[in-house]
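My numbering applies: residue 17 is where the sequence shown begins, and numbers increase by one.
Ideal placement from N, C-alpha and C gives every residue a C-beta, glycine not left out.
Worksheet: one structure, shown below.
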Amino acid sequence: MSCVLQPTSYKNTWKSLTPICYAILTIVPIGGIWNIAISKVYADPTRGGFTINYIKAVKWAALSMFQSIYILTALVITIICTSVTLYKLIVLPNRIKAAEKSLCFTMPTKMSQALAYLNLSDGIPEVYPIECDKSWDSYSEMLIYFGFFVFLGIGLAAHLYILISILFTKRKIFKDSSFFQIFAMDSIASVVIILDELFFIHLFLFVPPLCRTISPWFFRPTFIPKYVYISINHGRFMKSLAQIFMVLNRLSCVILTAPGKYEMLWKKYVLPSCIVMAVLPFAGTFNIFISRVLIVSMRGGFALGYGKTIKWASISLFQSSVLIIALSVTIICTSITLYKLILLPGRIKSAEKSLCFTSISISITFVIASSTQSLIAYCSTCNLDTLYIFQSIAFDTFTVGTAVIMLMSNKKLRGSMFQAVKRVSIVSVTGKMNSI
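Quick look at the structure:
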């Protein structure tokens with residue numbers, strides 16, 4: 017991070033700090049292992065050999081507790097520093113040497129590789145096999161996957177088109193719109209969720225023949241399941257936060273009707289909002305980072321779960337909390353927005369008014385999705401398999417629906433899409449005429 021923040025004085029700074037870092041790296045670990053030094057260490061018979069364990073001389077000073085503190089501290093610092101580093105690499109692409117830039121990208125890669133083996137969960141064996149349920153009909157299950165594939169494929173294409181339009185092809189039109197900048201973050205999260213579901217979650221859940229072939233690859237800790245489980249939950253948190261900022265954006269649009277006041281307010285807060293959407297979800301997913309991600313048998317395939325290192329910090333608890341907050345903010349802001357649109361129909365630009373109705377439509381799909389999450393969290397008598405499928409459909413509708421609603425309601429986006437299709441058809445016809 018210091019390399020991108022201080023590209024000119026970076027070498028001099030670390031020339032003086034390097035000896036101190038060596039001393040810290042040598043001494044600070046003693047703060048976690050001192051209890052082992054004064055405790056009895058013994059060989060514990062395991063499988064065909066033995067492992068090393070110890071009898072704690074100081075009962076509260078468990079090695080796992082210190083490891084958790086060290087790892088969580090390192091994780092928080094890593095996330096903050098990596099976010100700042102990536103931001104600076106984007107803002108100042110030409111002010112950093114190529115060699116230093118490559119090292120900046122190497123560190124997040126090293127961290128991601130270590131994630132698969134970062135596991136503080138107790139009581140889970142190294143090899144965790146599952147039995148695939150062979151009673152499910154493969155053809156009907158694969159038909160369900162085909163339906164999801166078509167539905168999510170449409171959503172993926174729509175979100176990618178919106179992202180390309182907002183960030184590249186139509187950047188001049190949308191760069192000053194705070195709502196579209198927030199929506200771009202929603203689309204990024206949606207693309208990540210859809211890719212995870214298309215090529216892992218739904219694929220291995222609804223295609224039973226793959227379970228027997230692929231599942232043995234994931235009996236041991238591997239990077240792919242952990243990445244998928246973290247990224248899909250991170251994306252869902254991002255979408256909930258994006259929903260909060262979108263309805264707040266529309267509310268401020270109808271309340272702050274004085275010329276330029278709304279634009280000035282969001283010009284100041286749109287970047288912090290995007291940073292919050294990107295970083296805050298780590299507060300809900302941190303327990304997955306330090307836990308073992310497992311595959312669990314479900315239907316004719318398998319789904320993902322995890323052995324909680326911190327027992328109370330379940331992902332469903334954080335998701336429910338964020339969803340309840342987002343749902344409350346959505347209902348309040350949408351109600352006030354609708355009231356203001358009725359009360360002041362002529363005081364708001366038609367373009368802003370259409371975005372208000374877009375936000376309201378998206379809010380309806382969000383309410384449906386959040387209701388299913390509440391059922392899973394609080395309905396102890398419900399059938400979990402049925403609820404899981406229902407929740408997937410509801411969340412997928414919310415994920416795909418945001419893009420479809422935006423394209424249907426916004427003429428600028430929709431118009432550019434039709435222009436692109438028209439250009440492609442003209443090129444195709446011209447090519448055929450030339451060949452004749």
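Buried or exposed for V440, please, with buried defined as at least 16 other CB atoms from any protein chain shown within 10 angstroms of its CB.
What you label residue 440 is simply residue 424 of the sequence shown in a count that begins at 1. Any reading at V440 must be qualified, since the residue scores a pLDDT of 46, below 50, and its modelled position is unreliable; the value itself is stated next. Under this definition V440 is an exposed residue.
Buried or exposed for F474, going by 16 or more other Cβ atoms inside 10 Å?
Since the first residue shown for the chain is 17 and the last is 452, residue 474 is missing from the structure and cannot be characterised.
With DSSP as the reference, label V198 as helix, strand or coil.
Numbered from its first residue, the sequence shown carries residue 198 at position 182. Correcting the residue identity first, residue 198 is Ile in this sequence and not Val. Secondary structure at I198: helix, using DSSP grouped into helix, strand and coil.
Checking the sheet assignment: what are the DSSP bridge partners for S99?
Here residue 99 refers to the residue found at position 83 of the sequence shown. DSSP lists no partner for S99.
Output the distance between the C-alpha atoms of M201 and V263, rounded to the nearest integer angstrom.
Against the sequence shown, residue 201 aligns to sequence position 185. Against the sequence shown, residue 263 aligns to sequence position 247. Roughly 14 Å separates the two Cα atoms.
Here's the rule I'm using: 16 or more other beta-carbon atoms within 10 Å means buried, otherwise exposed. How should E213 be labelled?
The residue you call residue 213 lines up with position 197 of the sequence shown. Buried, since its Cβ has 16 or more Cβ neighbours within 10 Å.
Based on the DSSP output, what are the partners of I525 in its beta bridges?
This structure cannot speak to residue 525, because the chain is shown only from 17 to 452.
If we call anything under 8 Å between Cβ atoms a contact, is L429 one with I210?
Against the sequence shown, residue 429 aligns to sequence position 413. Against the sequence shown, residue 210 aligns to sequence position 194. It is not a contact, given that the beta carbons lie outside the stated cut-off.
Residue from I36, G317, I71, I260 with nearest C-alpha to I54:
As a position in the sequence shown, residue 54 is number 38, starting the count at 1. Comparing Cα positions, the closest option is I71.
Just to confirm, are I311 and S193 a CB contact at a threshold of 8 Å?
Position 295 of the sequence shown, counted from the start, is the residue given in the question as residue 311. Position 177 of the sequence shown, counted from the start, is the residue given in the question as residue 193. In this structure, S193 does not lie closer than 8 Å to I311 by Cβ.
Between H175, M254, M158, which lies nearest to M293 when the distance is taken from Cα to Cα?
In the sequence shown, residue 293 corresponds to position 277, counting from 1. Ranking H175, M254, M158 by Cα distance to M293 puts M254 first.
Presumed contact (8 Å Cβ cut-off) between I140 and R308, rounded CB distance:
Here residue 140 corresponds to residue number 124 of the sequence shown, with the count starting at 1. Here residue 308 corresponds to residue number 292 of the sequence shown, with the count starting at 1. So it is a contact: roughly 5 Å between Cβ atoms.
Reference T418; option with closest CA among T229, I40, I198
The residue you call residue 418 lines up with position 402 of the sequence shown. Of T229, I40, I198, the residue nearest in Cα terms is I198.
Smallest Cα separation from F411: which of S387, I421, L423?
In the sequence shown, the residue the question calls residue 411 occupies position 395. Checked all of S387, I421, L423; the closest Cα to F411 is S387.
Check G65 in the structure and name its three-state DSSP category.
Taking the first residue of the sequence shown as 1, we reach residue 65 at position 49. Reduced to three states, the DSSP call for G65 is strand.
Which class does V440 belong to by DSSP, given the choice of helix, strand or coil?
Residue mapping note: residue 440 aligns to position 424 of the sequence shown, counting from 1. The pLDDT assigned to V440 is 46, lower than 50, so where the model puts this residue is not dependable, and the model offers no usable value.
Using a Cβ-Cβ cutoff of less than 7 Å, which residues in the same chain neighbour S330 once the five nearest sequence positions on both sides are dropped?
Here residue 330 refers to the residue found at position 314 of the sequence shown. K324.
Under 8 Å between the Cβ atoms of V143 and R236?
Against the sequence shown, residue 143 aligns to sequence position 127. Against the sequence shown, residue 236 aligns to sequence position 220. Result yes, Cβ atoms of V143 and R236 sit closer than 8 Å.
For I409 and A90, I'd like the C-alpha separation in whole angstroms.
For the purposes of this step, residue 409 is taken as residue 393 along the sequence shown, with counting starting at 1. For the purposes of this step, residue 90 is taken as residue 74 along the sequence shown, with counting starting at 1. If I take the Cα positions, the gap works out to 37 Å.
The stretch 82 to 89 / the stretch 41 to 52 touching (three or more Cβ pairs under 8 Å)
Yes: the two stretches touch, three or more of their Cβ pairs being nearer than 8 Å.
Straight-line gap, S256 to K242 (C-alpha atoms, nearest Å):
By 1-based counting over the sequence shown, the position of residue 256 is 240. By 1-based counting over the sequence shown, the position of residue 242 is 226. C-alpha separation (whole angstroms): 21 Å.
Per-residue DSSP class, three states only, for A59
Counting from 1 along the sequence shown, the entry for residue 59 is found at position 43. Three-state result, A59: strand.
Could you name the residues that DSSP lists as bridge partners for I71?
As a working mapping, residue 71 is identified with position 55 in the sequence shown. Looking at the DSSP assignment, I71 forms a beta bridge with K56.
So, is Y278 buried or exposed, given that buried needs 16 or more other C-beta atoms within 10 angstroms?
Here residue 278 refers to the residue found at position 262 when the sequence shown is read from its first residue. The C-beta of Y278 has 16 or more other C-beta atoms within 10 Å across all chains shown, which makes the residue buried.
V443 classed as buried or exposed, judged by whether at least 16 other C-beta atoms fall within 10 angstroms
The count along the sequence shown starts at 1 and reaches residue 443 at position 427. Caution is warranted here: a pLDDT of 48 is assigned to V443, below 50, making its placement in the model unreliable, and the coordinate value is therefore given only provisionally. Exposed.
By Cβ distance, which residues of its chain are closer than 8 Å to I160, with the 5 residues on each side in sequence left out?
Here residue 160 corresponds to residue number 144 of the sequence shown, with the count starting at 1. Cβ neighbours of I160 beyond the five flanking positions: F222.
Return the CA-CA distance between P297 and S151, expressed in angstroms with no decimal places.
Position 281 of the sequence shown holds residue 297. Position 135 of the sequence shown holds residue 151. P297 and S151: Cα-Cα distance of roughly 38 Å.
Which of the three DSSP states is assigned to A205 in this structure?
Residue mapping note: residue 205 aligns to position 189 of the sequence shown, counting from 1. Residue state, collapsed to three classes: helix.
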